[in-house]
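Scroll down for the structure; my scribbles are underneath it.
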Amino acid sequence: EVQLQQSGPEVGRPGSSVKISCKASGYTFTDYVMNWVKQSPGQGLEWIGWIDPEYGSTDYAEKFKKKATLTADTSSSTAYIQLSSLTSEDTATYFCARITYYVMDAWGQGASVTVSS
Amino acid sequence: EIVLTQSPTTIAASPGEKVTITCRASSSVSYMYWYQQKPGASPKPWIYDTSKLASGVPNRFSGSGSGTSYSLTINTMETEDAATYYCQQWSSTLTFGSGTKLEIK
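Chains as they are written, first to last, in the working numbering: chain D, 326 to 442; chain Y, 9 to 113.
Written out as structure tokens, the structure reads:
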């Protein structure tokens, strides 16, 4: 069974950084691209970017190019997103989602980030 | 960036009623994808390649469209279908629609 297990809730101070993990199991991690999606409270879905774990190649939505950094550790089958220079606008739930033929066919449970002083 | 506009934003339907959700793209896209999300849960793939149902999706759902106009239809509404539905394209930089909240009347 394909599973994406995300790390727990994070609280970050304005201006700081947080790093969320997404541990994959039930499939070969390097065979699939991983997407990241943001959902602000009560709002819709926003695509952040993707990473190809095999090659480490990435692509980002323009809005997140200076905000998010995607990485992957193939030894632990874990994808990461680091969010920098936190502001209140970054308070949201962040999902990782595996891509299969353009479909996000498996999702993590979401990781909440709260920015608060 | 291709902007996806969903309508309506919110809709209430009675059990047994037919429901149609529309997604219009600001430029032509090759395929449309749909996701279902219930409160407190992760989104689920629902329709892919415009008209193919994801695994486990009841066949009362269907998808259609081309170019800049796409739709998701529920032939006969059931209570379990109450959720928010998002369209998504990846013909260029990936974007989502703003979502349509479907409620039970």
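Glycine included, each C-beta is placed from N, C-alpha and C at the ideal position.
DSSP three-state assignment for residue i, whether helix, strand or coil
| i | result |
| --- | --- |
| D:SER413 | helix |
| D:THR355 | helix |
| Y:GLU111 | strand |
| D:LYS391 | coil |
| Y:THR103 | strand |
| Y:THR87 | helix |
| Y:ILE10 | coil |
| D:TYR380 | coil |
| D:GLN407 | strand |
| Y:GLY73 | strand |
| D:THR386 | For the sequence presented, residue 386 of chain D should be read as Ala rather than Thr. Correct three-state label for D:ALA386: coil. |
| Y:ALA62 | coil |
| Y:THR81 | strand |
| D:VAL343 | strand |
| D:VAL428 | strand |
Identity of the residues DSSP links to residue i by a beta bridge
| i | result |
| --- | --- |
| Y:TYR43 | Y:PRO53, Y:TYR94 |
| D:LEU329 | D:ALA349 |
| Y:ALA21 | Y:ILE112 |
| D:LEU454 | The question about residue 454 of chain D has no answer here: the residues shown for chain D are numbered 326 through 442. |
| D:TYR338 | According to the sequence shown, residue 338 of chain D is Arg rather than Tyr. Looking at the DSSP assignment, D:ARG338 forms no beta bridge with any residue, so it has no partner. |
| D:SER441 | Note: D:SER441 sits in no beta bridge, so no partner. |
| Y:ILE68 | Here residue 68 of chain Y is Arg; the residue named in the question, Ile, does not match the sequence. Beta-bridge pairing links Y:ARG68 to no other residue. |
| Y:SER15 | Y:THR30 |
| D:TYR419 | D:LYS363, D:ALA436 |
| D:THR396 | D:TYR405 |
Whole-angstrom C-beta distance between residue j and residue i, which should lie under 8 Å
| i | j | result |
| --- | --- | --- |
| D:SER365 | D:ALA417 | 4 Å |
| Y:SER34 | Y:VAL11 | 4 Å |
| Y:THR18 | Y:GLU88 | Not quite, the Cβ-Cβ distance comes to about 18 Å (not below 8 Å), so this is no contact. |
| D:ILE345 | D:ILE406 | 5 Å |
| D:GLN330 | D:GLY435 | So it is not a contact: roughly 11 Å between Cβ atoms. |
| Y:SER36 | Y:THR76 | 5 Å |
| D:GLY337 | D:VAL440 | 5 Å |
| Y:SER59 | Y:GLY71 | 5 Å |
| D:VAL438 | D:LEU408 | 7 Å |
| D:ALA393 | D:MET359 | That pair is no contact at about 13 Å. |
| D:LEU370 | Y:PRO47 | Contact flag wrong, Cβ pair sits at about 14 Å. |
7 Å Cβ cut-off: residues of chain Y touching residue i
| i | result |
| --- | --- |
| D:GLY337 | Within chain Y, no residue comes near D:GLY337; the closest Cβ sits about 22 Å away, beyond 7 Å. |
| D:GLY435 | SER50 |
Chain Y residues whose Cβ lies nearer than 8 Å to that of residue i
| i | result |
| --- | --- |
| D:GLU371 | PHE104 |
| D:GLY351 | Near D:GLY351 there are no residues of chain Y at all, since even the closest Cβ is about 15 Å away, more than 8 Å. |
Heavy atom of the ligand SAM within 8 Å of residue i beta-carbon
| i | result |
| --- | --- |
| Y:TYR94 | Judged by which ligands are present, the structure shown has none, so any question about the ligand SAM falls away. |
Proximal chain D residues relative to residue i, where beta-carbon distance stays under 8 Å
| i | result |
| --- | --- |
| Y:GLY107 | GLY369, LEU370 |
| Y:PHE58 | Per the sequence presented here, residue 58 of chain Y reads as Thr, with Phe not at that position. Going along chain D, no residue has its Cβ under 8 Å from Y:THR58, so there is no contact; the nearest lies around 11 Å. |
| Y:TRP98 | TYR427 |
| Y:TYR94 | GLY369, LEU370 |
| Y:PRO53 | VAL428, MET429, ASP430 |
Within chain D, the residues that residue i reaches when beta carbons sit closer than 9 Å
| i | result |
| --- | --- |
| Y:THR101 | TRP372, ASP384, ALA386, GLU387 |
| Y:TYR41 | TYR427, VAL428, MET429 |
Contacts that residue i makes with chain Y (C-beta to C-beta distance below 9 Å)
| i | result |
| --- | --- |
| D:PHE354 | Near D:PHE354 there are no residues of chain Y at all, since even the closest Cβ is about 19 Å away, more than 9 Å. |
Neighbour flag for residue i against chain A, beta carbons, 9 Å
| i | result |
| --- | --- |
| Y:VAL65 | You won't find chain A in this structure, because its protein chains are D and Y. |
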